[in-house]
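For reference, the structure is listed below as structure tokens.
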Amino acid sequence: MKELLDGVRTFNDFLGDGLVEYLDVNEENNALIALYEGEVTPETTHIEIEPFTILGVNAGLIPYPHHNQSPRNTYQCAMGKQAMGNIAYNQASSIICYSLCRMDTLLNILVYPQRPLVTTRTIELVGYDKLGAGQNATVAVMSCSGYDIEDAIVMNKASLDRGFGRCIVMKKYSNIIQKSRTGASDSILRPQRTGPGSERMQ
């Protein structure tokens, strides 16, 4: 580890020398993995690099996971992949060349992303606190107006007017412009806000 800190060796060197090894779920069934260095026995086959890495990257983003029911942590691992935020530091140039550079056909960007108030070691290591994918909301758990039955939410209109939850949805469309032998050709125009067919734009 001292060679790693001094820059003599890299993490890839550890992988090449077999000092660090990746295990999938099936391989873990036949391995005895120690969580801490003090728990190593002659039968131990592997040791975790850090105790918090046992959760993985997705679950490592959850603050205080041991205070939650395990299904809630599982739900967050699934829903965290759908969170909206920034795509990169060069987001402006990425949006400009979106139609040419990106392969996905749908892009959701949060207009006002915020850094999480509570962080974890995993959040700091992966840089999740620098490109936030969410907003910090003040939530009151209470009975209000009768429209908050079950899991419904009553939102503050002033917060929505100030941009809470506002996002940009970018869709990518492709089309082939054809030209016939008679001279007629297809053309792509902006939708007309006046004239025939404009009632669909109102």
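Under UniProt numbering, the first residue of the sequence shown carries the number 1, and numbering increases by one thereafter.
Backbone N, C-alpha and C define an ideal beta-carbon position, used for all residues, glycine too.
Measure the alpha-carbon distance for residue i versus residue j and round it to whole angstroms.
i      : j      : result
THR45  : GLY85  : 40 Å
ARG193 : TYR64  : 52 Å
GLU37  : ILE47  : 7 Å
LEU55  : SER187 : 53 Å
VAL139 : ILE149 : 15 Å
CYS77  : GLU3   : 35 Å
LYS179 : LEU189 : 16 Å
ILE62  : PRO71  : 13 Å
GLY134 : LEU35  : 32 Å
LEU106 : GLU124 : 28 Å
SER145 : ALA158 : 17 Å
ASP6   : ILE153 : 52 Å
LYS172 : SER185 : 22 Å
LEU110 : ALA83  : 9 Å
I'd like the span of the beta strand (DSSP E) that includes residue i, first residue to last.
i      : result
ASN108 : 106–110
Which same chain residues, not among the five before or five after residue i, have their C-beta less than 8 Å away from its C-beta?
i     : result
PHE52 : GLY60, THR120, ARG121 and THR122
VAL40 : ALA34 and ILE47
Starting from the Cα of residue i, find the closest Cα among the options and give me that residue.
i      : options                           : result
ASN136 : LEU55, VAL118 and GLY127          : VAL118
GLU43  : GLU50, PRO191, THR138 and ASN30   : ASN30
LEU19  : TYR173, ALA158, VAL25 and THR10   : THR10
TYR112 : ASP161, MET103 and GLY80          : ASP161
GLN114 : GLU28, HIS67, SER174 and GLY163   : GLY163
SER174 : GLY165, VAL141, MET103 and TYR147 : MET103
So, at 6 Å on beta carbons, what are the nonlocal neighbours of residue i in its own chain, with the 5 sequence-adjacent residues on each side left out?
i      : result
ILE33  : HIS46
GLY132 : GLY85, PRO113, GLN114 and ARG115
State the DSSP-derived secondary structure class of residue i, mapped to helix, strand or coil.
i      : result
MET170 : strand
ILE87  : coil
ALA158 : helix
SER185 : strand
ILE49  : coil
ILE62  : coil
ILE153 : coil
ILE33  : strand
Tell me which same chain residues have a C-beta within less than 7 Å of the C-beta of residue i, skipping the five on either side of it?
i      : result
VAL169 : ASN108
VAL57  : THR122 and VAL126
From which residue to which residue does the alpha helix (DSSP H) around residue i run?
i     : result
SER70 : 70–79
LYS2  : 2–6
ASN12 : 11–16
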